[in-house]
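**Q** Numbering-wise (our numbering), the sequence shown opens with residue 751 and increments by one. A virtual CB, placed ideally from N, CA and C, is assigned to each residue, including glycine. Remember, predicted model here, so these are calculated numbers, not experimental data. Mind having a look at this structure? Questions to follow.
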Amino acid sequence: MKAVLLWWNSLQRREQQLVSMLGVVGGIGLFYALIWAPLHQTRESQQLAATTASEQLVWLKGKLPQLAAAPATGAGGSLNDKVSQTSRQFQINVSRMQPKDEQLDLMLEDVAFEQLLRWLQLLQGEHGVQLVQLEVTDTDVPGVVRVRRLVLE
Numbered sequence: 751m752k753a754v755l756l757w758w759n760s761l762q763r764r765e766q767q768l769v770s771m772l773g774v775v776g777g778i779g780l781f782y783a784l785i786w787a788p789l790h791q792t793r794e795s796q797q798l799a800a801t802t803a804s805e806q807l808v809w810l811k812g813k814l815p816q817l818a819a820a821p822a823t824g825a826g827g828s829l830n831d832k833v834s835q836t837s838r839q840f841q842i843n844v845s846r847m848q849p850k851d852e853q854l855d856l857m858l859e860d861v862a863f864e865q866l867l868r869w870l871q872l873l874q875g876e877h878g879v880q881l882v883q884l885e886v887t888d889t890d891v892p893g894v895v896r897v898r899r900l901v902l903e
């Protein structure tokens, strides 16, 4: 500390004023760089995050009626999985399964009509699967149908 005082006293009055001004400007610069700018930047990023969150909230509130009107999906899994699992449960043999976009095009082997209806009711009621198209023809066996085309989504 003595060395600094000796150095300060060895400076002329004008040099002391110049060093003092440089110290003040340097102090202001350090204050800005180390305190003010980071606080200001943090505040702006938090305001941006709050604005984004409020915009998302407005968007979600706008989508709420659509979500409420959508059919409840089952316990997860793809449409292929739901159809495969439930068809085995109902002992329905799927001879062709072809995915198309968000739909599934099926062809079934001969099946009892009532069993087919119960299976479709389960898919729709518990798994949220919608029947898009159904083409059936009768067979020689009463109560048994041949499903030529079944489209689900």
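(1) So, is LYS832 buried or exposed, given that buried needs 16 or more other C-beta atoms within 10 angstroms?
(2) Given this structure, state the Cα-to-Cα distance separating ALA753 from VAL769, to the nearest angstrom.
(3) Beta-carbon separation of GLU854 and VAL897 under 8 Å?
(4) By the DSSP assignment, the alpha helix (DSSP H) with SER770 in it spans what residues?
(5) Use the C-beta contact count for THR823: other C-beta atoms within 10 angstroms, 16 or more gives buried, fewer gives exposed.
(6) For ASP855, does the three-state DSSP call read helix, strand or coil?
(7) Report yes if the CB atom of ARG868 is closer than 8 Å to the CB atom of GLN883, and no otherwise.
(8) Applying the criterion that 16 or more other CB atoms from any shown protein chain within 10 Å of the CB defines a buried residue, is HIS877 buried or exposed?
(9) Taking SER837 as part of the alpha helix (DSSP H), name the residues at either end of that continuous run.
(10) In whole angstroms, what is the alpha-carbon distance linking GLY776 and PRO788?
**A** Short version:
(1) Stepping through the sequence shown from its first residue, residue 832 is reached at position 82. That one is buried.
(2) Reading the sequence shown from its first residue, position 3 is the one you call residue 753. Reading the sequence shown from its first residue, position 19 is the one you call residue 769. The straight-line gap from Cα to Cα measures roughly 16 Å.
(3) For the purposes of this step, residue 854 is taken as residue 104 along the sequence shown, with counting starting at 1. For the purposes of this step, residue 897 is taken as residue 147 along the sequence shown, with counting starting at 1. Looking at the sequence itself, residue 854 is Leu, so the reference to Glu does not match. Not a contact, by the Cβ cut-off of 8 Å.
(4) Along the sequence shown, one-based indexing puts residue 770 at 20. Per DSSP, SER770 belongs to the alpha helix (DSSP H) from 763-781.
(5) Sequence index remark: in the sequence shown, residue 823 carries index 73 (1-based). Reliability fails at THR823, whose pLDDT of 47 lies under 50, so the model's placement of it is uncertain and the value that follows must be treated cautiously. Here THR823 is exposed. Its C-beta has fewer than 16 other C-beta atoms within 10 Å.
(6) The count along the sequence shown starts at 1 and reaches residue 855 at position 105. In this structure, ASP855 counts as strand in the three-state DSSP scheme.
(7) Sequence index remark: in the sequence shown, residue 868 carries index 118 (1-based). Sequence index remark: in the sequence shown, residue 883 carries index 133 (1-based). No, the Cβ-Cβ distance between ARG868 and GLN883 is not below 8 Å.
(8) Position 127 of the sequence shown, counted from the first residue, corresponds to residue 877. Around the CB of HIS877, 16 or more other CB atoms lie within 10 Å, so the residue is classed as buried.
(9) Counting from one through the sequence shown, the residue named residue 837 turns up at place 87. First-last of the alpha helix (DSSP H) with SER837: 829-839.
(10) In the sequence shown, residue 776 corresponds to position 26, counting from 1. In the sequence shown, residue 788 corresponds to position 38, counting from 1. Using only the alpha carbons, I get a separation of about 17 Å.
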